[in-house]
Amino acid sequence: MKKSIILFGALLALTFGLTSCEMDNYDEPEARIIGKIVDQNGQPFQCAQGKGSVSLRITETSYASGDESIVVVPQDLNIRQDGTFENIHLFAGTYTVVPWQGAFFENDDESFVQTVQLKNGTTSEVNFTVTPYLSLEWVKEPYIDSADGKLKASFRFKRNSKTGYSQPDLLDCCMWISRTQYAGTEGDGNYTPNALKITANQEGQEIQLESKIAIKYSMTYWVRIGARCNDKYQKYNFTDIKEINVTAIPQ
């Protein structure tokens, strides 16, 4: 009797195993999408790494084949710091693609949402142009002040506009000091200062920022400044990243 039960259980497990393998017998995701986000001047849209300041929302429309009862969950893909993106593990199909929840004026027109056909073994490119709330530029690039040993830098910002949209109020700015190249809301907490409140009246003016404490170690640091508006996402617009090689600490 025990042998019969054991044999029946083994056959049942084998049956389920074969059924499971048959149900999951899909092609591996081998479609690839690449692209970039640029600002209204054609310059790279400066981002925090990952989804820190914007993500790429991609939704497969071919999965439901027009059946409204089927719920399709969108994917949010990561963006690199220079506004480029790449994903090499997507299933073949038809997708809508759009930059999502970023520090830029949202686009209401349907042309901003692009449709792309992804095929296994091929690369599809899709690019976007956005108008960021703020454009930032360095005034004084990062340096070590010989008087107090702090890392300092300054910048100015310009408020951008877009027809049919209102400009959001200003919120704050910050300078991130990092020991890796991934600077941007992920700075070293020992050195990165607290955010500084800014107003629209400061547009075009030089704003200076400095580290919390004097720099302690001779090494390479990566520095970036960001400023943000008080919109519903409160994401930062950024400068590019500057590298500073500290070879001597002021005494």
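Mapping the sequence shown onto our numbering, position 37 (from 1) lands on 90, and the numbers just tick up by one.
Even for Gly, the Cβ is constructed at its ideal location relative to N, Cα and C.
Nothing here was measured: the structure is a model prediction, and the numbers come from that model.
In this structure, residue 104 and residue 131 form a Cβ contact; the two beta carbons are roughly 6 angstroms apart against a cut-off of 8 angstroms. Under DSSP, residue 84 shares a beta bridge with 143. 259 is the residue among 238, 242, 259 and 200 whose C-alpha sits nearest the C-alpha of residue 211.
With fewer than 16 other CB atoms across the displayed protein chains lying within 10 angstroms of its CB, residue 298 is exposed. Excluding its 5 nearest sequence neighbours in each direction, residue 156 has C-beta neighbours in its own chain below 8 angstroms: 106, 107, 185, 186, 187, 281, 282, 284, 286, 288, 289 and 290, listed in chain order. Comparing C-alpha distances from residue 115 to each of 98, 209, 146 and 270 shows the shortest one belongs to 146. Per DSSP, the continuous beta strand (DSSP E) segment holding residue 207 begins and ends at 204-212. Within the DSSP secondary-structure output, residue 219 pairs in no beta bridge.
Looking from the CA of residue 302, the closest CA among 242, 197 and 228 belongs to 197.
In the same chain as residue 123, and ignoring 5 residues on each side of it, the C-beta atoms closer than 6 angstroms to its own belong to 117, in chain order.
Residue 262 and residue 85 have their C-alpha atoms spaced approximately 41 angstroms apart. In this structure, the alpha-carbon of residue 234 lies about 8 angstroms from that of residue 294. Runs of the beta strand (DSSP E) spanning 3 or more residues and lying entirely within the region 233-257 do not occur at all.
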